[in-house]
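Working notes, structure below.
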Amino acid sequence: MVEFFQQLANGIAAGSIYALVAVGYTLVFGVLELINFAHGDIMMVSTFVTVAAVNLGASWALAVFLGLAAGAVLGLLVERFAYRPLRGADRMAPTVTAVGAALVLENAAQLIWGPQTNPFPGTVDNHLILLGGAIFTVFQLIILVVAACMAGLLFIIVQYSQWGRYMRAIRDDLPTAELVGISVNRIVAFIYALGSVLGVVGGILFAAYYNAVYVGMGFAATMNAFVAAVLGGIGSLKGAFVGGLLLGVLQALAVGYIASGYENTVSFVVMIAVLIIRPAGLFGRPQVSRV
Amino acid sequence: MKCAVQRGHCMISSRLWHSGWRWVRPLANPIWLLPVAAIVLLCPLLLNQYQLHVVTVVLIYVPLVLGQNLITGNSGQVSMAHGAFYGVGAYATAILAGTYGWSTLAVLVVGMVAAGFLGLLIGLPAIRISGDYLFIVTIGVNLAFLDVASQWVSVTGGTSGLPGLPEPAFGSFVVGTYVRFYYFALIMAAVALAITAAVVHSRFGTVVEAVRDDPVAARACGISLTPVRVAVFAIGAALAGLAGVTLGYFIGFVGPYDFGVEQSLLIFLMAILGGLGSIPGSIAGAAILVGLPEALRFLQPYRLGLVGFLMMVLMIYRPQGLLGRVNATNLIRK
Amino acid sequence: MTSTMRRSRLAGIAVATCCVALSFGAVVAQARDSYTFAVIAPMSGDSAAYGLNLQRGTQLAADQINANGGVSGSKLILEFFDSQCLATQAANAASKIVSDPNIFGVLGDVCSVATLAALPIFNRAGISEISGDASSPNITEVVKTKHYTNFARTIPSDAQVAPGMVRLATAGLHKRRLAILYGNDGFGQPLYLFEKEALPSDAELVASETYTPATTKDFTPQLTKIAAAKPDVILIDGYYSDAGTAVSQLPRVGLGGVTIICSPGIDHAEFIKLAGPPSEGVYVFSAYDANNTSPSNTNFVKEFRAKYNTEPNEQAAYGYELPFLMKLAIEKGATKDDLATVVRSLTFVGPSGTTKFDSNGDVLGKTGVVTRVENGAFKFDAAATAAANAK
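Protein chains in written order, with this note's numbering: chain A, 1 to 291; chain B, 1001 to 1334; chain C, 2001 to 2391.
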């Protein structure tokens, strides 16, 4: 039984990072119904920026600020060059260009910082806590709290602020939103930037927690974020948060009780199951399809 | 139907002209057909070994791109699982021919059927999953295939793969030299072309495109959507399986890493670059994206970025690719 | 067909033909007062880090050779080819190599998968391939069954390393409950399979878990499962970046005090940085000991550090030896056709120790060394090395 609790704890720890990245991802996904494939790679490049800044002697505050700024800028660039030209087109084209943007970022990062895994400059609080027989580290709890706070903050922005209202209007009916005078370009750019910034927070925490910064973390993050968003329900922020935690737990349990080495298969099976049985996910709005 | 004699078209056979083999018509123009056929058949005399190797690889990619074109272009389903179908064919070769010593013909058939079956399995749930979700789900299929291929050590050799495969043989005729491999790949590509052309230019092909363009209207005309979409997936996958068998024999070694997401992305890009919905486009796409990286080897470190950049540029400025008739940006209605 | 459609159709066909044609022009001719060797390795893609080290090692050696009079007075030139650790790409690169008549021999590959794909092509063309880093036992199998005479490798195969690791655990450290954590790739998995086979009858494999190299960052699920089986030693088979992360997570699941034995490839300075404090006391196998005090090694390490500003590792050291091995073979009269045969007859002393070959081109008698992490650095552990290599 102890093993089960420990696996649960492992899953929640990994899941909180998924949750953080998924929440940022679902912002674009939920409002624009677009798979922002570049989300993970924007996060990866910005995390590298932060790490590079620290290695060059910058203070932590400055480095983190630079990373967040890089995330926002990259998000804006992706929106401007990979999404906006295709706004009128169907859903496949912007997905493909997002993939293209992701590949460009990945290649650039590999050329600048190299293909190897780099350690994270800085130590995190790894003191162990015993809770119900399972071992946690202090940092794991910090991540969980940060993820919850960010998700909550985002929720408040979307539900109660004016810009949040514009975002929801765009999600509901973009052409009408445009007609009503909402500056769609600006809001959409804002959404991309905000989502990216959240992703970067997740990225920095990920790098700190696992003591590893590497080029491949982008793609993995995107896939996990997507599955988490599907699990939780497209367009639902709390869904993305819960979906992330759930995915982490499912993966941990799969490794613990089925077999390690089939991590990807588990995510994929879960995703297919959800999409077939309950396409709206846990908290999403049911989609109506015409055929 | 009038038997008009048009300039440049010769009446090869008026029976063909009027029967259900209408699809022969576009191919039957001898002005470009004869020189091209001559070059294609006499290639080995004109090229050195490396060049022949590259052209053979292009020919192996042709069925792959044709299959992808069928699924994504003609049927409008965005599938990124082609790497997995490719891999199924290759592993069929490795296991059946390598471990069990089956004959080449049997391996070809089983490879295509196995890949087609996997396509069927993917196609079924694909109905419920639309456009961009399918994109990610099929990536997941690809990753799951990699998992299985690398974990099932006793059958697939795991991550180290299965080396030392035999050469393909038809009776006593062994395909053992570069020249013979070229013709082998050429015949396979021709078979794939024939299958694709038959599907596309037949009544079934029209139905497929109808389902893509306006599912509601198609439904209203009494066309059943699910079998059509699933059938296309199966056929496209079977073509990929054919390519996989050819590859397995050609390299003589099969390992899991050639059949991952990067491979699927490459095949997808070939289809889009050449132009969705166009068979010559598929061939062109394969030729360009195999030939160019070989010619520009010094650009290998930028390979990923260039692929990505090309995808972006294509989608924004020329979504119909080089020769396409279908506009990729109109594939899925919002 | 409208004229614009016809035009764009022709344009498309023209572009496609051009691209295939362009690749034809890419074979370069060279003057023959030099010896050109192809170095085939992953220069891009996931394994690019290993190819980079090989590149650095071989280039350093080539520069030194040329500065000291070359090979019998002729220059030694290296041409690098990217195989991306993929079978198809390796075959393409191999095909390109064999159609260049100026290439005397091939050095590489790092990945066993790429070596296996390229070897038949090299064999058909009669060109030799000498590898410093492809360690899969599959290669020995293929060389034996197909009677290839054009291959040799200077690194011990995994079939020799894995039993050594088990021996250290059981005979050397008297452990009975083994657990194995291995990377799910062409390096970790074969090691695991050989370790399973090499277990003595009085020891037990209580747990084995795998992970996806470079992707898995959270090892806690695997480690928790291992912890539940209560092992007294854990063998880790993989590369340093994953091993470092895994070791750093050991205390989190209560495995803080368990003995750890790591495979070659983990002997990299970054491992200690990535793993942090839990790396103290970890045994690490090495096919190459950077702290070896032999004169050839200390020279090599000094030069490498000076030129590249980083510590050399296994790929770099083995790569460094290859051009010198080629020089020795050529000066003994090797031709392009019998290069590997001559190499197999040589005895060579270099940074990795003494290299001799058996009839399959596998290296003989190269015992790995075992180092232990002490005070944040790798220290050669004589007792452990002796225990690992005892027969």
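Glycine is no exception: its CB is placed at the ideal position from the N, C-alpha and C atoms.
Handout entry: Option nearest residue 2166 of chain C by Cα separation, candidates C:2233, C:2060 and C:2185
Key = Checked all of C:2233, C:2060 and C:2185; the closest Cα to residue 2166 of chain C is C:2233.
Handout entry: Assigned secondary structure, residue 236 of chain A (DSSP; H/G/I helix, E/B strand, else coil)
Key = Looking at residue 236 of chain A - three-state DSSP - the assignment turns out to be coil, as it is neither helix nor strand.
Handout entry: Beta-carbon contacts of residue 2324 of chain C that lie in its chain and below 8 Å, excluding the five residues immediately before and after
Key = Spatial neighbours of residue 2324 of chain C in its own chain (CB-CB distance under 8 Å, excluding positions within 5 residues in sequence) are listed in chain order as 2061, 2065, 2348 and 2350.
Practice task
Could you tell me how far apart the beta carbons of residue 2244 of chain C and residue 2219 of chain C are, in whole angstroms, since I believe they sit closer than 8 Å?
Solution key: Wrong, their Cβ atoms sit about 11 Å apart, outside the cutoff.
Exercise for the section: Say yes only if the C-beta of residue 1139 of chain B is nearer than 7 Å to one or more non-hydrogen atoms of the ligand PLP, and no if none qualify. Expected result: The ligand content of the structure shown is nil, which means the ligand PLP is not present either.
Problem - Within chain C, partners of residue 1082 of chain B - CB distance below 9 Å - result: In chain order: nothing, as chain C lies at least about 14 Å away.
Practice task
Specify the secondary structure class of residue 118 of chain A as computed by DSSP and reduced to three states.
Solution key: In the three-state reduction of the DSSP assignment, residue 118 of chain A falls in the strand class.
Problem - Through-space distance from residue 2369 of chain C to residue 2178 of chain C, alpha-carbon basis - result: Taking the straight line joining both Cα atoms gives about 21 Å.
Problem - Cβ neighbours of residue 1108 of chain B in the same chain (closer than 6 Å, five flanking residues each side left out) - result: Only 1245 meet the Cβ criterion.
Exercise for the section: Kindly list the residues whose CB is nearer than 8 Å to the CB of residue 2217 of chain C, restricted to its own chain and excluding five residues on each side of it in sequence; keep chain order. Expected result: Taking C-beta separations shorter than 8 Å and ignoring five residues to either side along the sequence, the partners of residue 2217 of chain C in its chain run 2245, following chain order.
Exercise for the section: Leaving out five residues on either side along the sequence, give the residues of the same chain with a beta carbon under 6 Å from the beta carbon of residue 10 of chain A. Expected result: So the list reads 252, once near-sequence residues are dropped.
Practice task
Residues of the stretch 153 to 169 of chain A with a CB closer than 8 Å to any CB of chain C: list them in chain order, please.
Solution key: Residues of the stretch 153 to 169 of chain A with a C-beta atom less than 8 Å from some C-beta of chain C do not occur.
Exercise for the section: State the start and end residues of the unbroken alpha helix (DSSP H) segment that holds residue 2383 of chain C. Expected result: Start and end: 2382 to 2389.
Handout entry: Interface flag, residue 1021 of chain B vs chain C, CB-CB below 8 Å
Key = At residue 1021 of chain B the pLDDT is 48, less than 50, meaning the model places this residue with poor confidence and gives no usable figure here.
Practice task
Spell out a yes or no on whether the stretch 1038 to 1054 of chain B and the stretch 1223 to 1230 of chain B are touching, meaning 3 or more CB-CB pairs, one atom from each, closer than 8 Å.
Solution key: No, because fewer than three Cβ pairs between the stretch 1038 to 1054 of chain B and the stretch 1223 to 1230 of chain B fall closer than 8 Å, the two stretches do not touch.
Practice task
Determine the burial state of residue 1324 of chain B: buried for a count of at least 16 other Cβ atoms within 10 Å of its Cβ, exposed for fewer.
Solution key: So residue 1324 of chain B ends up on the buried side.
Handout entry: Same chain, Cβ closer than 6 Å to residue 292 of chain A, five either side skipped, listed in chain order
Key = Given that chain A is displayed from residue 1 to residue 291, the structure contains no residue 292 of chain A and the question cannot be resolved.
Exercise for the section: Output yes if chain C places a C-beta closer than 8 Å to the C-beta of residue 106 of chain A; else output no. Expected result: So no, residue 106 of chain A is outside the interface.
Exercise for the section: State the DSSP-derived secondary structure class of residue 134 of chain A, mapped to helix, strand or coil. Expected result: Judged by DSSP in its simplified three-state form, residue 134 of chain A adopts strand.
Exercise for the section: Out of B:1152, B:1150 and B:1099, state which residue places its alpha-carbon closest to the alpha-carbon of residue 1252 of chain B. Expected result: Cα-wise, what sits closest to residue 1252 of chain B is B:1099.
Handout entry: Where the stretch 257 to 276 of chain A meets chain C: residues whose CB sits under 7 Å from a CB there
Key = Here the close residues are 260, 261 and 263.
Problem - chain B contact residues for residue 102 of chain A, given Cβ-Cβ distances below 8 Å - result: Those are 1308, listed as they occur along chain B.
Exercise for the section: Along the beta strand (DSSP E) that carries residue 2211 of chain C, what are the first and last residues, could you check? Expected result: Unbroken beta strand (DSSP E) run through residue 2211 of chain C: 2204 to 2211.
Problem - Beta-carbon neighbours of residue 1150 of chain B, restricted to chain C and to distances below 7 Å - result: Below the 7 Å Cβ cutoff, chain C contributes 2184 as neighbours of residue 1150 of chain B, in chain order.
Handout entry: Neighbourhood of residue 2123 of chain C by C-beta, 6 Å cutoff - its chain only, sequence neighbours within 5 removed
Key = If the five residues before and after residue 2123 of chain C are omitted, its C-beta is found closer than 6 Å to the C-beta atoms of 2148 and 2150, all from its own chain and listed in chain order.
Problem - Proximal residues to residue 2125 of chain C (C-beta, below 6 Å), its chain only, five neighbours per side dropped - result: Cβ contact annotation for residue 2125 of chain C (same chain, cutoff 6 Å, sequence separation greater than five): 2098, in chain order.
Practice task
Mind reading off the beta-carbon distance from residue 2322 of chain C to residue 2130 of chain C? Whole number of angstroms is fine, and I expect it under 8 Å.
Solution key: The pair is a contact, with the Cβ atoms about 6 Å apart (cut-off 8 Å).
Practice task
Name, please, each residue of chain B whose Cβ falls closer than 8 Å to the Cβ of residue 43 of chain A.
Solution key: By Cβ distance, chain B contributes nothing, its closest Cβ being about 17 Å from residue 43 of chain A, past 8 Å.
Problem - DSSP three-state assignment for residue 2131 of chain C, whether helix, strand or coil - result: Secondary structure at residue 2131 of chain C: strand, using DSSP grouped into helix, strand and coil.
Exercise for the section: To the nearest angstrom, report how far apart residue 282 of chain A and residue 2389 of chain C are at their CA atoms. Expected result: Their Cα atoms are separated by approximately 57 Å.
Problem - Start-to-end residues for the beta strand (DSSP E) that takes in residue 2286 of chain C - result: Here the beta strand (DSSP E) through residue 2286 of chain C covers 2283 to 2286.
Handout entry: Run of the alpha helix (DSSP H) containing residue 1145 of chain B, from where it starts to where it stops
Key = Here the alpha helix (DSSP H) through residue 1145 of chain B covers 1131 to 1151.
Handout entry: Ranges of the beta strand (DSSP E) found wholly within the stretch 1236 to 1298 of chain B, counting only runs of at least 3
Key = No beta strand (DSSP E) of 3 residues or more sits fully in the stretch 1236 to 1298 of chain B.
Problem - Cross-chain neighbours of residue 1163 of chain B in chain C, by beta carbon under 7 Å - result: Residues of chain C with a Cβ closer than 7 Å to the Cβ of residue 1163 of chain B are, in chain order, 2116, 2138 and 2142.
Handout entry: residue 1294 of chain B beta carbon less than 8 Å from that of residue 2102 of chain C
Key = Taking 8 Å as the Cβ cut-off, residue 2102 of chain C and residue 1294 of chain B do not qualify as a contacting pair.
Handout entry: 7 Å Cβ cut-off: residues of chain B touching residue 2096 of chain C
Key = Simply 1050.
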